[in-house]
Amino acid sequence: MTHSNNTLDSAMDPYEPELRVIVSLDVEEEGLFSGNYAATGCGVRNVALLRRLAPLTNELGFPLTLFCAHTVFTNAEACEHLAWMRDHCNAEIAAHLHHWSTPPLDDAQNTPQAEKNGPPTRTDRLPRQLLRQRLRTLLDAGREFQGAPLTSFRMGRWDLKASVRPLLAEEGITFDSSVCPLRVFHDGPDHFLAPSDPYWLDDAPNLLESPVTQIPLSRSLARLWHNCAKGADWVDRFHFWGALSPNPVWHSAAVMRAATRLHMARGGRVLSLFWHSSEMLPGGSPNIPDQKAADALYGKIYDFLAWLARNHAVRGVTAAQLRAQAPGLDLGPRPAGKGDW
Numbered sequence: 008m009t010h011s012n013n014t015l016d017s018a019m020d021p022y023e024p025e026l027r028v029i030v031s032l033d034v035e036e037e038g039l040f041s042g043n044y045a046a047t048g049c050g051v052r053n054v055a056l057l058r059r060l061a062p063l064t065n066e067l068g069f070p071l072t073l074f075c076a077h078t079v080f081t082n083a084e085a086c087e088h089l090a091w092m093r094d095h096c097n098a099e100i101a102a103h104l105h106h107w108s109t110p111p112l113d114d115a116q117n118t119p120q121a122e123k124n125g126p127p128t129r130t131d132r133l134p135r136q137l138l139r140q141r142l143r144t145l146l147d148a149g150r151e152f153q154g155a156p157l158t159s160f161r162m163g164r165w166d167l168k169a170s171v172r173p174l175l176a177e178e179g180i181t182f183d184s185s186v187c188p189l190r191v192f193h194d195g196p197d198h199f200l201a202p203s204d205p206y207w208l209d210d211a212p213n214l215l216e217s218p219v220t221q222i223p224l225s226r227s228l229a230r231l232w233h234n235c236a237k238g239a240d241w242v243d244r245f246h247f248w249g250a251l252s253p254n255p256v257w258h259s260a261a262v263m264r265a266a267t268r269l270h271m272a273r274g275g276r277v278l279s280l281f282w283h284s285s286e287m288l289p290g291g292s293p294n295i296p297d298q299k300a301a302d303a304l305y306g307k308i309y310d311f312l313a314w315l316a317r318n319h320a321v322r323g324v325t326a327a328q329l330r331a332q333a334p335g336l337d338l339g340p341r342p343a344g345k346g347d348w
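The sequence shown begins at 8 in this note's numbering and counts up one residue at a time.
In structure tokens form, the structure reads like this:
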């Protein structure tokens, strides 16, 4: 629905184009922020905290998209919380591939020692059939939980190179959100020059790519920085000083609002913000050391979405809802440009 507040309608431009807003979480195991890429034995206590987010939907009108890892689908207690969010808050259950903890596991991974430090093998370097098997394992677990296929997807650690995209379409995915603009990942994907709005992929038929929203303060400066870097490790530093986003763990409330205004001024039609379920758990990440920090994060998210609803013409949508509406939104194809997006 389009949100408004009668007491503040004067702050809303009646001719302002409607902005669609996707609020998503990567629902996953704990430990990743400490560099622990365990194949087995990871906790998912954080999933119980999803219920705290009910007011975002029931009071403010923003349904959630929950990109769930295999470790979550295979935990009975976690699934109870997912079902509650789906049934009481209209949350979409979507797929999130942590390939390092999704069967079939090789002998080196499937050992009594659960921990693996350091980043996992890049998805484009895995044998294609092994990656396909792990993706199918995830999607089968999601189908068993949901009673229907999952069609929205996000790759863990943003690790989606162009060579992997067709595999998603082949496995029935119609919406992907694995692209994070203004980021270049060491030995991995280059998403730096990706657009901020969704686009259709010509190499993966029927697949809509919808990046998370992260925009440069200056487009010209961003292009110059990327061209000068020429693959240098420091190119990703732009993310820390030259970027704005509505992502609540990365940026302050003031920056979140500024990113929204700038995105809309540049003609942006979709605002996509995200965080990790483990970031709701005190101690779950370096940014959330205690309950006070967890409460502050929730307050920041609630206040930002309330500000959006009061001051702008917005429509909260899930990933699947945006995909259903996409053919009528005149979204373009992937623009020409360098990178894995």
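No residue lacks a Cβ here, since even glycine has one placed at the ideal position from N, Cα and C. Because the structure is a prediction, the values reported are computed rather than measured.
| Asked | Found |
| --- | --- |
| What residue from G290, E84, F199 has the CA that sits closest to G249's CA? | F199 |
| Who are the Cβ neighbours of G344 in its own chain at under 7 Å, not counting the five residues just before and after it? | L200 |
| So for W348, helix, strand or coil by DSSP? | coil |
| Can the beta-carbon of S252 be found closer than 9 Å to that of L280? | yes |
| According to DSSP, which residues form a beta bridge with G323? | V28 |
| Would you call the stretch 223-234 and the stretch 157-169 in contact, with 3 or more CB pairs under 8 Å? | no |
| For the candidate residues S217, V30, L224, whose alpha-carbon lies nearest to that of S184? | S217 |
| In the structure shown, what three-state DSSP assignment does T144 receive? | helix |
| Rounded to whole angstroms, what is the Cα-Cα separation between F182 and C235? | 33 Å |
| Have a look at the DSSP bridge pairing and note the partners of Y206. | E216 |
| From E178, D197, D33, pick the residue whose C-alpha is nearest to that of D243; which is it? | D197 |
| Rounded to the nearest angstrom, what separates A266 and N254 at their Cα positions? | 10 Å |
| Could you give the uninterrupted runs of the alpha helix (DSSP H) lying entirely in the stretch 34-103, keeping only those of 4 residues or more? | 61-65, 77-80, 83-96 |
| Short of 7 Å in beta carbon distance, which residues of its chain neighbour L60, apart from the five on each side in sequence? Order them along the chain. | L71 |
| Short of 8 Å in beta carbon distance, which residues of its chain neighbour P111, apart from the five on each side in sequence? Order them along the chain. | L137, Q140, R141, T144 |
| Based on the DSSP output, what are the partners of R164 in its beta bridges? | Answer is none; R164 lacks a bridge partner. |
| Figure out for me which residue from N43, L157, G38 has the closest Cα to the Cα of F80. | L157 |
| According to the neighbour-count rule (16 or more other Cβ atoms, all chains shown, within 10 Å of its Cβ), is Q221 buried or exposed? | buried |
| Here's a check: name, in chain order, each residue in its chain whose Cβ is nearer than 8 Å to the Cβ of P342, leaving out the five neighbours to either side. | P202, Y206 |
| DSSP on W282, reduced to helix/strand/coil? | strand |
| Consult DSSP for D183 and reduce its assignment to one of helix, strand or coil. | strand |
| How big is the Cα-Cα spacing for G350 and N318? | Outside the shown range of the chain (8 to 348) lies residue 350, about which nothing can therefore be said. |
| Nearer than 8 Å: is that true of the beta carbon of H105 relative to any heavy atom of the ligand HEM? | You won't find the ligand HEM in this model; it holds no ligand whatsoever. |
| For V262, report the span of its alpha helix (DSSP H) as first-last. | 260-272 |
| Can you tell me the Cα-Cα spacing of A239 and L56, whole angstroms? | 39 Å |
| What's the C-alpha gap between G290 and P334? | 42 Å |
| Could you compute how far the alpha carbon of E87 sits from the alpha carbon of F247? | 37 Å |
| R27 and V405 - do their beta-carbons sit closer together than 9 Å? | Because residue 405 is not part of the residues shown, which for the chain are 8 to 348, the question remains open. |
| Identify, in the order they occur along the chain, each residue of the same chain with its Cβ nearer than 7 Å to the Cβ of V262, setting aside the five sequence neighbours on each side. | L251 |
| For the alpha helix (DSSP H) containing K299, name the first residue and the last one. | 298-318 |
| For a quick check, are the C-beta atoms of G195 and K237 less than 9 Å apart? | no |
| Cα separation between G299 and S285? | Reading off the sequence, residue 299 comes out as Lys, not Gly. Those two C-alpha atoms are separated by around 15 Å. |
| Between which residues of its own chain and S108 is the CB-CB distance below 6 Å, once the five residues before and five after are set aside? | A46, T78 |
| List the whole-angstrom C-beta distance separating R322 from L215, where the pair is believed to meet the contact cut-off of C-beta under 8 Å. | So it is not a contact: roughly 17 Å between Cβ atoms. |
| Find the nearest neighbour of V186 within the set L174, A176, D204, I180, judged by alpha-carbon distance. | D204 |
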